[in-house]
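Q: Structure provided below as structure tokens; questions to follow.
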Amino acid sequence: MRAPGLDPAVFVHPQGLCDSADVGAGTRVWAFAHVLEGARIGAGCNVCDGAYVEGGAVVGDRVTIKNQVMVFAGVTIADDVFLGPGVTFTNDFTPRAHLHKSPDELDPTWVGEGATLGARVTVVCGVTIGADAFVGAGAVVTRDVAPHAFVVGNPARQIGWACRCGRRLPDDLRCTCGRTWSLDDSGLHEGEVLACT
311 MRAPGLDPAV FVHPQGLCDS ADVGAGTRVW AFAHVLEGAR IGAGCNVCDG
361 AYVEGGAVVG DRVTIKNQVM VFAGVTIADD VFLGPGVTFT NDFTPRAHLH
411 KSPDELDPTW VGEGATLGAR VTVVCGVTIG ADAFVGAGAV VTRDVAPHAF
461 VVGNPARQIG WACRCGRRLP DDLRCTCGRT WSLDDSGLHE GEVLACT
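Going by the numbering used here, the sequence shown opens with residue 311, and the numbers climb by one from there.
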């Protein structure tokens with residue numbers, strides 16, 4: 311089902327539901343996925359089977375939302391983010407079934423450009439996941455994740471750094487993709503691009 315006024319360049323599978331007309335051209339909504347009215351999704355996204363995007367959620371351009379991902383109101387996802395199968399966001403530290411909170415009472419979460427969240431990651435609300443961060447499968451994110459940080463576990467803890475290409479960086483911060491990095495008190499910084507050998 312398609313929302314009235316939805317861009318004709320948005321694909322909605324016959325068994326998908328897209329109640330929001332605020333979806334960018336080239337986005338695909340697959341079977342059993344549900345995009346609620348009030349959700350905003352950018353261009354060129356892939357919303358896979360069984361995913362759920364609630365009204366009030368904001369998704370950038372070229373985002374991959376794999377099967378069974380749950381994105382609730384108050385979650386903002388920047389461009390080029392990868393959300394692996396079963397990623398779940400929360401949006402309320404003190405939920406009660408008998409209390410219905412307004413959007414401004416929810417605890418916002420931000421996922422930065424180019425970040426990757428592996429399969430079955432859970433993100434506890436109120437955190438920021440930095441650009442190009444990599445959250446390993448099954449991690450539970452309970453606090454902010456620095457840009458380019460490579461985190462795993464429950465609760466998620468940093469075990470290294472991630473290159474823009476997605477690989478975990480070795481100790482010398484020279485990625486096999488050819489990028490080299492430097493580290494100081496303010497974080498990881500991209501240096502000159504090395505010639506491939």
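Cβ atoms here follow ideal geometry from the backbone N, Cα and C, with glycine treated the same way.
What you are looking at is a predicted structure, and each value in this text was computed from that prediction instead of being measured.
1. Would you list the residues sitting across from ASN401 in a DSSP beta bridge?
2. By the DSSP assignment, the beta strand (DSSP E) with GLN468 in it spans what residues?
3. Quick check: what's the CA-CA separation for THR337 versus GLU415?
4. For ASP390, tell me which candidate among GLY396, GLY348, VAL369 and ASP494 has the shortest Cα-Cα distance.
5. Nearest to THR508 by CA position, among VAL320, LEU493 and VAL431, is which residue?
6. From GLY446 to ARG489, what distance separates their C-alpha atoms?
7. Taking the alpha-carbon of ILE351 as reference, which of VAL333, VAL363, VAL357 and GLU364 has the nearest alpha-carbon?
8. GLU500 by DSSP, collapsed to three states: which one?
9. If you draw a straight line from the alpha carbon of ALA505 to that of ALA449, how long is it in whole angstroms?
10. The beta strand (DSSP E) with VAL461 in it runs from where to where?
11. Just list the beta strand (DSSP E) runs in the stretch 360–404, keeping only unbroken ones of 3 residues or longer that don't cross its boundaries, in chain order.
12. What does THR438 pair with, by DSSP beta-bridge criteria?
13. Which class does ASP414 belong to by DSSP, given the choice of helix, strand or coil?
14. Should ASP495 be labelled buried (16 or more other beta-carbon atoms within 10 Å of its own) or exposed?
15. Would LEU493 be called buried (16 or more neighbouring beta carbons within 10 Å of its own) or exposed?
16. Along the chain, where does the beta strand (DSSP E) containing LEU493 start, and where does it finish?
17. Using only the alpha-carbon positions, how far apart do ASP371 and GLY501 sit?
18. Quick test of your reading: THR398 and MET380, contact by CB under 8 Å. State the CB separation rounded to the nearest angstrom.
19. Compute the beta-carbon to beta-carbon distance between PHE392 and THR426, rounded to the nearest angstrom, for a pair I have assumed lies under 8 Å.
A: Let me lay it out:
1. For the purposes of this step, residue 401 is taken as residue 91 along the sequence shown, with counting starting at 1. Note: ASN401 sits in no beta bridge, so no partner.
2. Looking up residue 468 in the sequence shown gives position 158. Membership of GLN468 in the beta strand (DSSP E) is indicated by the continuous run 467–471.
3. For the purposes of this step, residue 337 is taken as the residue at position 27 of the sequence shown. For the purposes of this step, residue 415 is taken as the residue at position 105 of the sequence shown. If you take the alpha carbons of THR337 and GLU415, they lie about 30 Å apart.
4. For the purposes of this step, residue 390 is identified with residue 80 of the sequence shown, where counting begins at 1. The shortest CA-to-CA distance from ASP390 to any of GLY396, GLY348, VAL369 and ASP494 is the one to VAL369.
5. This structure leaves residue 508 out entirely; the chain is present only between 311 and 507.
6. Counting from one through the sequence shown, the residue named residue 446 turns up at place 136. Counting from one through the sequence shown, the residue named residue 489 turns up at place 179. Going by the C-alpha atoms only, they are around 22 Å apart.
7. Position 41 of the sequence shown, counted from the start, is the residue given in the question as residue 351. Across the set VAL333, VAL363, VAL357 and GLU364, the C-alpha of VAL333 shows the shortest separation from the C-alpha of ILE351.
8. Numbered from 1 along the sequence shown, position 190 holds the residue referred to as residue 500. GLU500 falls in the strand class under three-state DSSP.
9. Indexing the sequence shown from 1 puts residue 505 at position 195. Indexing the sequence shown from 1 puts residue 449 at position 139. Annotation note: pLDDT 48 at ALA505 (below 50); position unreliable, coordinate value reported separately. In a straight line, the C-alpha of ALA505 is about 34 Å away from that of ALA449.
10. Sequence index remark: in the sequence shown, residue 461 carries index 151 (1-based). Element bounds for VAL461: 459–462.
11. The stretch 360–404 contains these whole beta strand (DSSP E) runs: 385–387.
12. Along the sequence shown, read from residue 1 onward, the residue named residue 438 stands at position 128. Answer is TRP420, bridged to THR438.
13. Here residue 414 is taken as the residue at index 104 of the sequence shown, counted from 1. Helix.
14. Taking the first residue of the sequence shown as 1, we reach residue 495 at position 185. Counting Cβ neighbours within 10 Å, ASP495 comes out exposed, since fewer than 16 surround it.
15. Locating residue 493 in the sequence shown gives position 183, where the first residue counts as 1. Answer is exposed; the Cβ neighbour count stays below 16.
16. By 1-based counting over the sequence shown, the position of residue 493 is 183. If you look at LEU493, you'll find it in the beta strand (DSSP E) that goes 489–494.
17. Here residue 371 refers to the residue found at position 61 of the sequence shown. Here residue 501 refers to the residue found at position 191 of the sequence shown. Distance between the alpha carbons of ASP371 and GLY501 is about 27 Å.
18. On the sequence shown, position 88 is the one that residue 398 refers to. On the sequence shown, position 70 is the one that residue 380 refers to. Between MET380 and THR398 the Cβ distance is about 5 Å, and since that is below 8 Å, they are a contact.
19. Numbered from its first residue, the sequence shown carries residue 392 at position 82. Numbered from its first residue, the sequence shown carries residue 426 at position 116. Contact between PHE392 and THR426 is confirmed by a C-beta separation of about 5 Å, below the 8 Å threshold.
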